[in-house]
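There are 6 protein chains.
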Amino acid sequence: MSNGGLQTLRTSTPEEGYALAVNLAQKAIELTQPSEDIRKLLRPVYSTDANSLIAVSQVVALHFQTVAFANNYWNN
Amino acid sequence: MSNGGLQTLRTSTPEEGYALAVNLAQKAIELTQPSEDIRKLLRPVYSTDANSLIAVSQVVALHFQTVAFANNYWNN
Amino acid sequence: MSNGGLQTLRTSTPEEGYALAVNLAQKAIELTQPSEDIRKLLRPVYSTDANSLIAVSQVVALHFQTVAFANNYWNN
Amino acid sequence: MSNGGLQTLRTSTPEEGYALAVNLAQKAIELTQPSEDIRKLLRPVYSTDANSLIAVSQVVALHFQTVAFANNYWNN
Amino acid sequence: MSNGGLQTLRTSTPEEGYALAVNLAQKAIELTQPSEDIRKLLRPVYSTDANSLIAVSQVVALHFQTVAFANNYWNN
Amino acid sequence: MSNGGLQTLRTSTPEEGYALAVNLAQKAIELTQPSEDIRKLLRPVYSTDANSLIAVSQVVALHFQTVAFANNYWNN
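Line by line, the protein sequences are chains Y, H, B, U, P and W. Add 66 to a position in the first sequence, counting from 1, and you land on the number used in the numbering used here. Add 66 to a position in the second sequence, counting from 1, and you land on the number used in the numbering used here. Add 66 to a position in the third sequence, counting from 1, and you land on the number used in the numbering used here. Add 66 to a position in the fourth sequence, counting from 1, and you land on the number used in the numbering used here. Add 66 to a position in the fifth sequence, counting from 1, and you land on the number used in the numbering used here. Add 66 to a position in the sixth sequence, counting from 1, and you land on the number used in the numbering used here.
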């Protein structure tokens, strides 16, 4: 993401698309909790909790749906 | 959003689209809990709770899906 | 919604579309718990709980997706 | 739903479409818990719990998306 | 599902489509917890818990969306 | 998935598509919690918890929606 923020949802592969989906999932958390220190404190909580990890994966799945559609599922 | 409320879902970039998605996610909370004081009291609760932050991100992801589709994924 | 119930998903603006989405989210709750008294007892519970408010916003987001699609995203 | 089960997703109005969505949401619960007695025991639990009611509304919202799409959003 | 696994999402009626959606929802659970004994131990837990039943219904709703789209909503 | 990561969402059957959806669901968990040891510690927790298993199935359902759409629902 350039310093002008998110300019495109296009990626060359599903792998890059998945990485963008992970970024999109994190973006809302950074906007909702701007303090990097607090986010760092929370990391050991959610990254060692099975249900939190599953919930993170669900948000990524929604964004991956969006990114995949934006890239015509990389079918070209 | 003008004082006539939400008039369009069109934005010029995905970055602006994401900001609109965050607004759309907050809008239902403001309609459901109109008291700004109560919302302010809740802020330290959800903004320091990993699962609440992930749940917020999920709502933004759903609205971002809608806004992205409305803007043809900014592919023009 | 006329007394014949929900006759259309068309609205003239996204703002009206969002209000319809809120109605659609409430409709299932009224059908599942027809007692207005009980619903009134529950209001202070969910409207002062951050996770409940986020969950309400998620249901509105799903209905807003549906209403937006029904109105071609108000792009006409 | 006729005794041959669900034969169509078509309804004449969004109101009927919403009622079908409620039926579709209940159908999985009846298939997962066939005992009507147990389901009746559970009713006072979820119908007086704000988060359960919101979760029910979310399932109805997903099915309403499906039924609305099946009926071209009753735009004809 | 033949022994070659899932070969098609096509069904002749929405009723069959709903049954396929239930199978698709169960499939991930069987893949994640291959032990039938453990799954049997869990059955009385989720099948008598309102929130678990609602969560099951939500997964079925997502798969029913997919199966309905695959069958053009049985509109032919 | 080749060592270049995810290159395509195309699969020849829904069965393979479902397996890809399971991989996509796991991928976010591996990215969020890179330690295989920690993930192994969590396995007995979520794989014997009904609600965790249902939540896993929900993430797979979202990815299966994406993969099915990418493959035109294997209708060709």
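Backbone N, C-alpha and C fix where the C-beta goes; we use that ideal spot for every residue, glycine too.
Which residues mark the beginning and the end of the alpha helix (DSSP H) in which residue i is found?
{"i": "L72(U)", "result": "Where L72(U) is concerned, there is no enclosing alpha helix (DSSP H), given that its DSSP letter is neither H nor E."}
{"i": "S123(U)", "result": "A116 to A136"}
{"i": "N141(P)", "result": "Careful: N141(P) lies outside any alpha helix (DSSP H) and carries neither H nor E."}
{"i": "P63(P)", "result": "Outside the modelled stretch of chain P, which goes from 67 to 142, sits residue 63(P), for which no answer is possible."}
Cβ of residue i less than 8 Å from any chain B Cβ?
{"i": "V111(U)", "result": "no"}
{"i": "A136(H)", "result": "yes"}
Please decide whether residue i counts as near chain U, where near means a Cβ-Cβ distance under 8 Å.
{"i": "T98(P)", "result": "no"}
{"i": "I95(P)", "result": "no"}
{"i": "L108(P)", "result": "no"}
{"i": "T114(B)", "result": "no"}
{"i": "G71(B)", "result": "yes"}
Among the options, which residue has its Cα nearest to the Cα of residue i?
{"i": "H129(W)", "options": "P110(W), G71(W) and P80(W)", "result": "P80(W)"}
{"i": "W140(W)", "options": "G70(W), Y84(W) and T114(W)", "result": "Y84(W)"}
{"i": "E82(H)", "options": "Q73(Y), L86(Y) and L119(Y)", "result": "Q73(Y)"}
{"i": "N89(P)", "options": "S118(P), T132(P) and N138(P)", "result": "T132(P)"}
{"i": "S118(B)", "options": "A136(H), N138(H) and A94(H)", "result": "A94(H)"}
{"i": "Q92(W)", "options": "T77(W), A127(W), S78(W) and G70(W)", "result": "A127(W)"}
{"i": "N142(U)", "options": "G70(B), L75(B) and G71(B)", "result": "L75(B)"}
{"i": "N137(H)", "options": "A87(H), R109(H) and L108(H)", "result": "A87(H)"}
{"i": "G71(B)", "options": "G71(U), S78(U) and G70(U)", "result": "S78(U)"}
Using a Cβ-Cβ distance under 8 Å, would residue i count as near chain P?
{"i": "N89(W)", "result": "no"}
{"i": "T79(U)", "result": "no"}
Check the Cβ-Cβ distances between residue i and every residue of chain H, and say whether any is below 8 Å.
{"i": "L75(B)", "result": "no"}
{"i": "L128(B)", "result": "yes"}
Taking 8 Å as the CB-CB limit, is residue i close to chain Y?
{"i": "A121(W)", "result": "yes"}
Spell out whether any CB of chain W is found under 8 Å from the CB atom of residue i.
{"i": "N141(Y)", "result": "yes"}
Inset, instruction - Would you check if there are 3 or more beta carbon pairs closer than 8 Å linking the segment 119 to 137 of chain P to the segment 93 to 110 of chain U? - result: Yes, they touch.
Inset, instruction - Would you check if there are 3 or more beta carbon pairs closer than 8 Å linking the segment 100 to 109 of chain Y to the segment 105 to 119 of chain H? - result: yes
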